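>
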Amino acid sequence: MDFLNIFKMIILSSLIGSIISLMILIIKRVFRDKLNPTFHYYIWLILLIKLIIPFGPETPLSFPNINQSLYIQNSTNEDSQNAQTNSVKQPQDIGLEDLTPINSFKLSYNTKLNPHIYIPFKTQIHIEKLFVFLWILGVMLLIWIFISAHKKLKQIVEFSIKDVNNSHKEILYNCRSIMHVKTAVELLYCPKINSPSLCGLIKPKILIPINIAKNIDSEDFKYIIMHELTHLKKKDLLINLIITLLSIIYWFNPIILYSLNKMKKDCEFSCDNHVISYLNEGENIQYGNVLIKVLELCGCSNRLAGTTSMVMNNSEIKRRILMISRYKKISFKGILLGTIIVVFIGGIGIEINASKPGITNTSVLQTPSPITPSNNIVNNTSNEKATANIKKSQADYTNSIAPFSSDIVIYNSHADEDYPSGINITDVGASINNKLVNEGLKSNFIKCTVPEEYADSYKNSRDLITTDVKNYSDTTLLDIHRYMSDDSKADKRKILLVLAENSPFYEENKKFAEELSQNINNSNEIKAEILSYHRGQLCFNQDLSKNSLLIEIGTEMSNDSDIETCVNSLVSALKNTQKQ
Numbered sequence: 001m002d003f004l005n006i007f008k009m010i011i012l013s014s015l016i017g018s019i020i021s022l023m024i025l026i027i028k029r030v031f032r033d034k035l036n037p038t039f040h041y042y043i044w045l046i047l048l049i050k051l052i053i054p055f056g057p058e059t060p061l062s063f064p065n066i067n068q069s070l071y072i073q074n075s076t077n078e079d080s081q082n083a084q085t086n087s088v089k090q091p092q093d094i095g096l097e098d099l100t101p102i103n104s105f106k107l108s109y110n111t112k113l114n115p116h117i118y119i120p121f122k123t124q125i126h127i128e129k130l131f132v133f134l135w136i137l138g139v140m141l142l143i144w145i146f147i148s149a150h151k152k153l154k155q156i157v158e159f160s161i162k163d164v165n166n167s168h169k170e171i172l173y174n175c176r177s178i179m180h181v182k183t184a185v186e187l188l189y190c191p192k193i194n195s196p197s198l199c200g201l202i203k204p205k206i207l208i209p210i211n212i213a214k215n216i217d218s219e220d221f222k223y224i225i226m227h228e229l230t231h232l233k234k235k236d237l238l239i240n241l242i243i244t245l246l247s248i249i250y251w252f253n254p255i256i257l258y259s260l261n262k263m264k265k266d267c268e269f270s271c272d273n274h275v276i277s278y279l280n281e282g283e284n285i286q287y288g289n290v291l292i293k294v295l296e297l298c299g300c301s302n303r304l305a306g307t308t309s310m311v312m313n314n315s316e317i318k319r320r321i322l323m324i325s326r327y328k329k330i331s332f333k334g335i336l337l338g339t340i341i342v343v344f345i346g347g348i349g350i351e352i353n354a355s356k357p358g359i360t361n362t363s364v365l366q367t368p369s370p371i372t373p374s375n376n377i378v379n380n381t382s383n384e385k386a387t388a389n390i391k392k393s394q395a396d397y398t399n400s401i402a403p404f405s406s407d408i409v410i411y412n413s414h415a416d417e418d419y420p421s422g423i424n425i426t427d428v429g430a431s432i433n434n435k436l437v438n439e440g441l442k443s444n445f446i447k448c449t450v451p452e453e454y455a456d457s458y459k460n461s462r463d464l465i466t467t468d469v470k471n472y473s474d475t476t477l478l479d480i481h482r483y484m485s486d487d488s489k490a491d492k493r494k495i496l497l498v499l500a501e502n503s504p505f506y507e508e509n510k511k512f513a514e515e516l517s518q519n520i521n522n523s524n525e526i527k528a529e530i531l532s533y534h535r536g537q538l539c540f541n542q543d544l545s546k547n548s549l550l551i552e553i554g555t556e557m558s559n560d561s562d563i564e565t566c567v568n569s570l571v572s573a574l575k576n577t578q579k580q
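1 is the number of the first residue of the sequence shown in my numbering; add one for each residue after it.
(1) Which residue's Cα is closest to the Cα of Gly138: Lys222, Tyr472, Ile249?
(2) Write down every uninterrupted run of the alpha helix (DSSP H) in the stretch 476-526 whose length is 4 residues or greater and which is fully enclosed by it, in chain order.
(3) Counting C-beta neighbours from all protein chains within 10 Å, is the total for Leu322 16 or more, i.e. buried, or is it exposed?
(4) Give me, in chain order, the residues of the same chain whose beta-carbon lies closer than 8 Å to that of Ile465; leave out the 5 immediate sequence neighbours on both sides.
(5) Which residues bound the alpha helix (DSSP H) around Ser259?
(6) Which word fits Thr555, buried or exposed, when buried means at least 16 other C-beta atoms lie within 10 angstroms of its C-beta?
(7) Round the Cβ separation of Leu48 and Ile242 to the nearest angstrom and send it over; I've been treating them as touching at under 8 Å.
(8) Closest to Ala430 by CA distance: which of Ile206, Ile480, Arg319, Lys494 is it?
(9) Put Asn471 into one of helix, strand or coil per three-state DSSP.
(10) Please report the straight-line C-alpha distance between Glu515 and Glu507, rounded to a whole angstrom.
(11) Please give the ranges of any beta strand (DSSP E) in the stretch 414-446, keeping only runs that are unbroken, at least 3 residues long and fully inside the region.
(12) Within 10 angstroms of its Cβ, does Gly282 collect 16 or more other Cβ (buried), or is it exposed?
(13) Tell me, please, whether the stretch 21-40 touches the stretch 266-281 by the rule of three or more beta-carbon pairs shorter than 8 Å.
(14) Label Asp418 either buried or exposed according to how many other C-beta atoms from any shown protein chain fall within 10 Å of its C-beta, with 16 as the threshold for buried.
(15) With H, G and I counted as helix, E and B as strand and the rest as coil, what does DSSP make of Cys448?
(16) Checking 9 Å against the spacing of the C-beta atoms, do Val290 and Ile224 come in under that value?
(17) Which class does Thr381 belong to by DSSP, given the choice of helix, strand or coil?
(18) What separation, rounded to the nearest whole angstrom, lies between the Cα atoms of Gly200 and Asn273?
(19) For Ser197 and Leu187, which I take to be in contact (beta-carbon distance under 8 Å), what is that distance rounded to the nearest angstrom?
(20) DSSP state of Phe31, grouped into three classes?
(21) Between the stretch 18-34 and the stretch 251-264, do three or more beta carbon pairs fall short of 8 Å?
(22) For Trp44, is the classification buried or exposed, using 16 other Cβ atoms within 10 angstroms of its Cβ as the cut-off for buried?
(23) What whole-angstrom Cβ distance do Asn509 and Lys470 have, given they're in contact under 8 Å?
(24) Is the beta carbon of Arg482 sitting closer than 9 Å to the one on Ile526?
(25) On the criterion of 16 or more Cβ atoms from any shown chain inside 10 Å, does Ile425 qualify as buried, or is it exposed?
(26) On the three-state DSSP scale, how would you describe Pro403?
(27) So which of Ile239, Leu246, Ile285 has the shortest CA-CA distance to Asp220?
(28) So if DSSP puts Glu186 in a beta bridge, which residue, or which two residues, is it bridged to?
(29) Candidates Pro420, Gly440, Tyr287, Gly536: which alpha carbon is nearest Pro504's?
(30) By DSSP's criteria, Cys199 is part of a beta bridge. Which residues make up the other side?
(31) Should Ile530 and Val498 be called a contact, given that it needs their Cβ atoms to be closer than 9 Å?
(32) In the DSSP assignment, find the unbroken alpha helix (DSSP H) run with Ser561 in it and report its ends.
(33) Can you give the Cα-Cα distance for Ala149 and Cys190, rounded to whole angstroms?
(34) Mind checking whether Lys460 and Ser413 have CB atoms under 9 Å apart?
(35) The beta strand (DSSP E) that contains Leu550, what's its start and end?
(36) Whose C-beta lies closer than 7 Å to the C-beta of Cys539 among residues of the same chain, with five residues either side of it excluded?
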């Protein structure tokens, strides 16, 4: 399981939830006395939904996916009028080490990097791992507390008194009839709780403190039962469980924790309002007096996990009594105002969302000034004019940006391959591209995502090439891989040029491979070999161009020095081959 990607999605969802929370808190403050308590409670459902499902339709306000797909726009001195786009896509399902750049490669970048640009150095990777570890540690601790609290509740229920007063049973039956509650509910007396509570999602039980059962008369007891039955009818136990689980997941965000706690308090206000709607005129005052009496008999109460407590503390009771005394039936204006607010916040909630996993986000913005890469973007060409900005596209990559032109395109169909030091094959591809550019060649790099199905890897890179590369049939297409060898003594400084015999351009690609192999071997530092497969998957995309190769650099045992030597030799050979 890739906890890093999960954590990043949680962070993004947390940010969206914080925005929604602040909006709800502001609106609740502005319309505090103009809206029904039930509205004040149920408006929080928008927050719950966004925290559970942060995804939504792609809109101008959508946050970029954690696994962003970025396109880089390039323009060279020869073609300064036409912006050329370099497409860079973040791998979706790779591990932490896969994000490590080739920082041991002594790359001679002429490009000036924006100091705010994100480059995932190993130190930053370690920080990310630390944050993920702390988040998981917090979640595990809170889950342990949650389980312990439920065990405690189970013990309280087991030791409760099941021999209930007949008059109390009759009150429960009558209240169920009045409120149209068909679910069977068990009534218990509990010596170890301080407040009347409802518990049990599947088999609901109303827990009554013994002190309450002995000192509350039948008329007042009716209000207590109605209160707990209202929680049952409105499925507050289920909502309370969802709130608790979300509090565990988002334990690090104080805004969300405050909002979820506020929702629990608003639940009691809504419950009071619902109970009063069943009472006769003037009974609301008596109901409020019962709350005060319960607080006097039991004192302040800490909410038990998995329950809905009738009273909590003095400050809460004061606000509830004030609301009860001012009770008014909801008016048409109140319904209209509440509907408008819900539609407004709900609409913004739909607009502000995360991109679904697997959906890429791309865009281009052309500028006349020298490039200064924005966040998460590296320019591959020195002294070129371009900048990049994120935009949305579909998961099939068909809604891409304007295609770009290039003499050479470097890409990685298997973007999850890496080396012992943590260097990823995409870092090697980026390094080759930068060196080619520094040698004066017109090269671009496409960083491919790792598809959900491994078999789709070549289709994934193929779609990017055919969509984003102009005249790709006349472009040199180099798919960079790492060689997999079971032999620990295999040559670590070796380049393998792989061909697909089922490609219609097999002979042309073979000729290109022979020229490149000869130039590599002329360096006397690296050994290059040609390997042909009878049937390559999708022809290894070698049916797209007459100069297309799958190139395997080093092995899973190669160190940084081995890889750098291979890269330098390949770049030099490509430069010589292009001149021929």
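Built from N, CA and C at the ideal position, the CB exists for glycine as well. The structure displayed is predicted, hence computed values, not measured ones.
On the basis of the data shown:
(1) Ile249
(2) 506-521
(3) exposed
(4) Val409, Tyr411, Ile446, Tyr472, Leu477, Asn541, Leu544
(5) Where Ser259 is concerned, the enclosing alpha helix (DSSP H) stretches over 254-276.
(6) buried
(7) 6 Å
(8) Ile480
(9) coil
(10) 13 Å
(11) 443-446
(12) exposed
(13) yes
(14) Residue environment analysis places Asp418 among the buried positions, since at least 16 neighbouring C-beta atoms fall within 10 angstroms of its C-beta.
(15) In the displayed model, Cys448 falls within coil according to three-state DSSP, outside both helix and strand.
(16) yes
(17) Only weak support is given to the placement of Thr381: the predicted model assigns it a pLDDT of 40, under 50, and the value that follows is read from those uncertain coordinates. If DSSP states are grouped into helix, strand and coil, Thr381 belongs with coil.
(18) 23 Å
(19) About 12 Å; that fails the 8 Å criterion.
(20) coil
(21) yes
(22) It is buried - the Cβ of Trp44 has at least 16 other Cβ atoms within 10 Å.
(23) In fact, because the Cβ distance is near 20 Å, the residues do not count as touching under 8 Å.
(24) no
(25) buried
(26) coil
(27) Ile285
(28) Lys205
(29) Gly536
(30) Cys199 has Lys205, Thr307 as its beta-bridge partners, per DSSP.
(31) Contact check for Ile530 against Val498 passes: the beta carbons are separated by less than 9 Å.
(32) 560-579
(33) 16 Å
(34) Residue 460 is actually Asn in this sequence, not Lys. Result yes, Cβ atoms of Asn460 and Ser413 sit closer than 9 Å.
(35) Taken as a continuous stretch (DSSP letters only), the beta strand (DSSP E) holding Leu550 covers 548-555.
(36) Leaving aside the five residues that flank Cys539 on each side, the residues in its chain whose CB is nearer than 7 Å to its CB run, in chain order, Ala500, Asn502, Ser503.
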